[in-house]
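**Student:** Before I ask anything, let me first share the structure, which is written out below as structure tokens.
Protein chains: 2
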Amino acid sequence: MDRPINRRITLAARPQGMVAESCFARDEVPAPSPGEGEALVRTLYLSIDPTIRGWMERDTYLPAIAIGDPVRSGAVAEVVESRNPAYAVGDRVFGMVGWQDYALVDSGAAAMQVLPPGIEPTDALGIYGITGLTAWFGLLDLGQPKQGETVLVSGAAGATGSVVGQLAKIHGCRAVGIAGGPEKCRFVTEDCGFDACIDYKAGDVGRGIAEHCPHGVDVFFDNVGGDILDAALLRINQRARVVLCGAIASYNDAEPPPGPRNLMQLVIQRARMEGFIVLDYLPRFPEAMADLAKHVAEGRIHHRVDVVEGLERAPEALLRLFSGANLGKQLVKVAD
Amino acid sequence: MDRPINRRITLAARPQGMVAESCFARDEVPAPSPGEGEALVRTLYLSIDPTIRGWMERDTYLPAIAIGDPVRSGAVAEVVESRNPAYAVGDRVFGMVGWQDYALVDSGAAAMQVLPPGIEPTDALGIYGITGLTAWFGLLDLGQPKQGETVLVSGAAGATGSVVGQLAKIHGCRAVGIAGGPEKCRFVTEDCGFDACIDYKAGDVGRGIAEHCPHGVDVFFDNVGGDILDAALLRINQRARVVLCGAIASYNDAEPPPGPRNLMQLVIQRARMEGFIVLDYLPRFPEAMADLAKHVAEGRIHHRVDVVEGLERAPEALLRLFSGANLGKQLVKVAD
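Now the structure itself:
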């Protein structure tokens with residue numbers, strides 16, 4: 000039987016330093032045929048996230064991607080053949096498929112979830128996807144913002160950071176962002192309604208924090224790490240919560256850079272720094288999605304996607320995250 | 000009226016880098032006379048703690064010591080004159096007096112607590128003092144050790160670290176220490192009953208942790224910071240708790256050194272790093288002291304003091320902490 004062609008972008012070499020085109024290989028193979036209990040899905044959109052860089056390099060909270068395997072990635076796909084009653088042809092599903100046109104899914108380890116009615120594929124990967132959920136659990140579960148507190152967010156124009164600040168506003172906090180460049184800062188304040196945004200490319204971040212967080216920082220939601228984390232630590236209040244979401248500033252360093260000099264601030268301010276992995280919250284995803292959907296419906300959360308067209312451009316889309324070129328959730332559109 | 004002579008060691012200059020004799024001035028003044036509601040106390044023992052270095056330099060969780068003031072210090076003293084019914088001549092009291100022979104106390108900001116009967120002055124500053132209480136609250140409140148977990152302690156031969164490991168054993172954990180030199184390591188394992196002690200002067204700490212914490216580290220109680228914190232972060236388990244008690248490795252650096260490179264371990268392992276100041280737990284001190292006293296009475300907590308004789312040697316005693324010369328709680332005996 001003639002099988003459709005499955006274009007794949009696989010891991011050719013582990014990155015050393017910045018991700019480069021040489022990390023990837025491209026091939027075309029026949030799409031696999033679903034066995035009993037399996038279905039074949041066709042990728043519509045890929046979710047491009049900084050954590051992919053980590054999966055390419057080494058075991059972290061998930062095993063490293065094996066050399067020769069398609070690059071692991073969240074995605075929305077459409078069921079095109081099915082030998083599993085859980086999947087009907089035409090269903091839209093989301094989960095992990097990797098950088099390829101076709102993948103097999105089942106009801107076990109390779110299961111995908113059917114998209115609830117009314118949810119757009121791009122929203123399933125953005126505001127209701129890992130990035131939106133990361134904002135929700137990181138801020139509310141670890142950050143525990145209280146009315147009147149100040150929430151500082153780095154990477155504030157990003158898919159996670161922008162939602163963190165808007166949730167902070169909804170919870171009665173002052174929301175201050177840190178982002179790079181006037182366009183991103185405008186997005187953060189004007190579109191997302193943060194109280195202020197500090198342009199880290201335009202001046203001293205520490206001074207910006209002092210100016211825009213006159214009562215100090217109660218929650219620092221950090222997507223960036225490095226010098227920005229250090230500057231924020233100098234301004235934390237007593238009992239502050241530092242939510243370590245990521246450290247995109249250093250994901251492409253060949254070895255981890257030195258950490259923050261001002262760690263003793265955690266002692267002096269009796270403060271807490273905590274990391275998390277959103278996948279741990281899987282059983283609570285419906286609760287978070289329902290809350291996010293309510294805020295979106297009420298027009299209280301603004302979100303946007305940044306779509307690159309074409310599977311072949313997935314590596315380029317990943318690099319956009321590290322150069323800061325993207326504005327909004329980075330997606331790759333693979334098929335209609 | 001002839002007043003006794005009050006020898007004082009005052010702050011002459013803020014330390015830059017290592018504490019030096021030039022930071023201190025010495026004078027002799029007449030002891031003050033208590034006004035209505037005050038009492039005069041005579042210092043018996045001074046508690047010498049690493050945190051004094053911080054108070055000398057800058058505002059932290061307490062205001063910096065003012066230039067010209069006696070160096071701030073915990074102490075046990077004896078009431079020698081009283082115009083306050085809360086203090087009877089002959090009472091032994093503990094609290095903050097500073098590096099001097101005599102001080103005024105009152106029932107307000109300068110109050111001291113009367114020593115409970117049966118408590119030796121040295122124990123009031125050691126196992127029942129700030130160092131013992133720091134071990135108790137830091138381990139139990141922040142570290143939350145569970146039976147069968149591994150608790151790693153840096154500065155394990157110190158007045159706080161040695162108690163942390165013994166409390167960990169009492170709570171059913173594996174206790175592993177890190178200390179400098181064979182004498183201290185022997186004290187940690189043989190006298191304090193830790194399961195193992197890593198001599199950081201004798202080899203690679205990371206390898207030692209891997210060897211002696213074969214199931215990883217669930218609680219890391221850190222008194223040291225620097226490279227030791229970095230090495231420990233590489234071995235933490237999921238949901239680990241890193242209790243930041245201090246960072247004696249860097250207290251004398253002119254500026255804070257770079258922090259741990261392996262901070263992203265907090266994300267990958269969903270772990271928490273938290274600082275605390277034991278003075279915040281003041282209302283719960285009696286609970287902790289009662290628990291410690293029970294363990295001491297049952298012979299389950301071994302503790303020792305390291306006494307330097309003479310007020311004039313207080314600066315030298317402080318320096319002993321940073322060179323690691325002390326073994327046990329560092330005290331200065333000022334009077335019988």
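Taken in sequence, the protein lines are chains V and G.
With the first letter of the first sequence counted as 1, position 301 gets the number 300 in numbering that gives the first Met the number 0; the numbers rise by one all the way through.
With the first letter of the second sequence counted as 1, position 228 gets the number 227 in numbering that gives the first Met the number 0; the numbers rise by one all the way through.
Beta carbons: idealized from backbone N, C-alpha and C, even for Gly.
Note that the structure is predicted; figures quoted are calculated from it, not measured.
Can you name the start and end residues of the beta strand (DSSP E) that Thr95 of chain G belongs to?
**Tutor:** Note that residue 95 of chain G is Met in the sequence shown here, rather than Thr. Arg91 to Met95 is the span of the beta strand (DSSP E), which, as asked, contains Met95 of chain G.
**Student:** Counting C-beta neighbours from all protein chains within 10 Å, is the total for Ile235 of chain G 16 or more, i.e. buried, or is it exposed?
**Tutor:** Counting Cβ neighbours within 10 Å, Ile235 of chain G comes out buried, since at least 16 surround it.
**Student:** For the alpha helix (DSSP H) holding Arg173 of chain G, just list the boundary residues, first then last.
**Tutor:** Run containing Arg173 of chain G: none in the alpha helix (DSSP H); it sits in the beta strand (DSSP E), Arg173 to Ala178.
**Student:** At what residues does the alpha helix (DSSP H) containing Ala195 of chain V begin and finish?
**Tutor:** It is not in any alpha helix (DSSP H) - Ala195 of chain V instead sits in the beta strand (DSSP E) that spans Ala195 to Asp198.
**Student:** Note the first and the last residue of the continuous alpha helix (DSSP H) segment covering Arg319 of chain G.
**Tutor:** Segment Ala313 to Ser322, the alpha helix (DSSP H) holding Arg319 of chain G.
**Student:** Please classify Gln15 of chain G: does DSSP put it in a helix, a strand, or coil?
**Tutor:** Coil, per DSSP.
**Student:** Looking at the C-beta of Tyr60 of chain V, does it have a partner C-beta in chain G at a distance below 7 Å?
**Tutor:** Taking Cβ atoms only, chain G reaches closer than 7 Å to Tyr60 of chain V, which makes this a yes.
**Student:** With a threshold of 8 Å, are at least 3 pairs of Cβ atoms found where one atom belongs to the region 141-155 of chain G and the other to the region 109-126 of chain G?
**Tutor:** The region 141-155 of chain G, when compared against the region 109-126 of chain G, does not touch it at the 8 Å Cβ threshold.
**Student:** In its own chain, which residues sit with a C-beta less than 7 Å from the C-beta of Asn222 of chain G, not counting the 5 before and 5 after it?
**Tutor:** So the qualifying residues of the chain are Ser153, Gly154, Gly157, Thr159, Gly160, Cys244, Gly245 and Ile247.
**Student:** Within the same chain, show all residues whose beta-carbon is closer than 8 Å to that of Ile18 of chain G, passing over the 5 residues directly before and after it, in chain order.
**Tutor:** It should be pointed out that residue 18 of chain G corresponds to Val in this sequence rather than to Ile. The residues are Arg52, Met55, Asn251, Pro314, Leu317, Leu318 and Phe321.
**Student:** Is the beta carbon of Asp140 of chain V sitting closer than 7 Å to the one on Val113 of chain V?
**Tutor:** In this structure, Val113 of chain V does not lie closer than 7 Å to Asp140 of chain V by Cβ.
**Student:** Please list the residues of the region 265-279 of chain V that have a C-beta atom closer than 9 Å to any C-beta atom in chain G, keeping them in chain order.
**Tutor:** Result list: Leu265, Val266, Ile267, Gln268, Arg269, Ala270, Arg271, Met272, Glu273, Gly274, Phe275, Ile276 and Asp279.
**Student:** Between the region 262-271 of chain V and the region 164-178 of chain V, are three or more C-beta pairs nearer than 8 Å?
**Tutor:** No, the region 262-271 of chain V is not in contact with the region 164-178 of chain V.
**Student:** So what does Ile235 of chain G bridge to, in DSSP terms?
**Tutor:** According to DSSP, Ile235 of chain G bridges with G:Val216.
**Student:** Reducing DSSP to helix, strand and coil, say where Arg2 of chain V ends up.
**Tutor:** Three-state result, Arg2 of chain V: coil.
**Student:** Are the C-beta of Ala246 of chain G and some C-beta of chain V separated by less than 7 Å?
**Tutor:** Yes, its Cβ sits closer than 7 Å to a Cβ of chain V.
**Student:** So which residues of chain V does Gly258 of chain G contact, with C-beta pairs closer than 7 Å?
**Tutor:** The contacting residues are Pro257, Gly258, Pro259, Arg260 and Leu262.
**Student:** Who does Ser153 of chain V pair with in a DSSP beta bridge?
**Tutor:** The partner list for Ser153 of chain V (beta bridge, DSSP) reads V:Ile177.
**Student:** Determine the closest residue to Glu182 of chain G out of G:Val175, G:Ser21 and G:Asp198, with distance taken between C-alpha atoms.
**Tutor:** The option with the nearest alpha carbon to Glu182 of chain G is G:Asp198.
**Student:** If we define contact as Cβ-Cβ less than 7 Å, is Leu132 of chain G a contact residue for chain V?
**Tutor:** No, because no Cβ of chain V sits closer than 7 Å to the Cβ of Leu132 of chain G.
**Student:** Which residues mark the beginning and the end of the alpha helix (DSSP H) in which Arg71 of chain V is found?
**Tutor:** From DSSP, Arg71 of chain V is part of no alpha helix (DSSP H); its letter is neither H nor E.
**Student:** Within this structure, are the beta carbons of Ile4 of chain G and Glu27 of chain G separated by less than 7 Å?
**Tutor:** Contact flag set, yes.
**Student:** Could you compute how far the alpha carbon of Ala63 of chain V sits from the alpha carbon of Ser46 of chain G?
**Tutor:** Using only the alpha carbons, I get a separation of about 51 Å.
**Student:** Got a sec: which bits of the region 295-325 of chain G sit with their beta carbon under 7 Å from any beta carbon on chain V, in order along the chain?
**Tutor:** For the region 295-325 of chain G, which is checked against every Cβ of chain V, not one residue is closer than 7 Å.
**Student:** Could you tell me the boundaries of the beta strand (DSSP E) in which Ala38 of chain G lies?
**Tutor:** First-last of the beta strand (DSSP E) with Ala38 of chain G: Ala38 to Ser46.
**Student:** So what's Asp140 of chain G in DSSP terms, helix, strand or just coil?
**Tutor:** DSSP places Asp140 of chain G in helix when its eight states are reduced to three.
**Student:** In the DSSP assignment, what residue or residues form a beta bridge with Ile8 of chain V?
**Tutor:** Bridge partners of Ile8 of chain V: V:Arg25.
**Student:** Given a cut-off of 7 Å on the beta-carbon distance, is the pair Met420 of chain V and Val88 of chain V in contact?
**Tutor:** The first residue shown for chain V is 0 and the last is 335, placing residue 420 of chain V beyond what the model contains.
**Student:** Assign His214 of chain G to one of two classes, buried (16 or more other C-beta atoms within 10 Å of its C-beta) or exposed (fewer than that).
**Tutor:** It counts as exposed.
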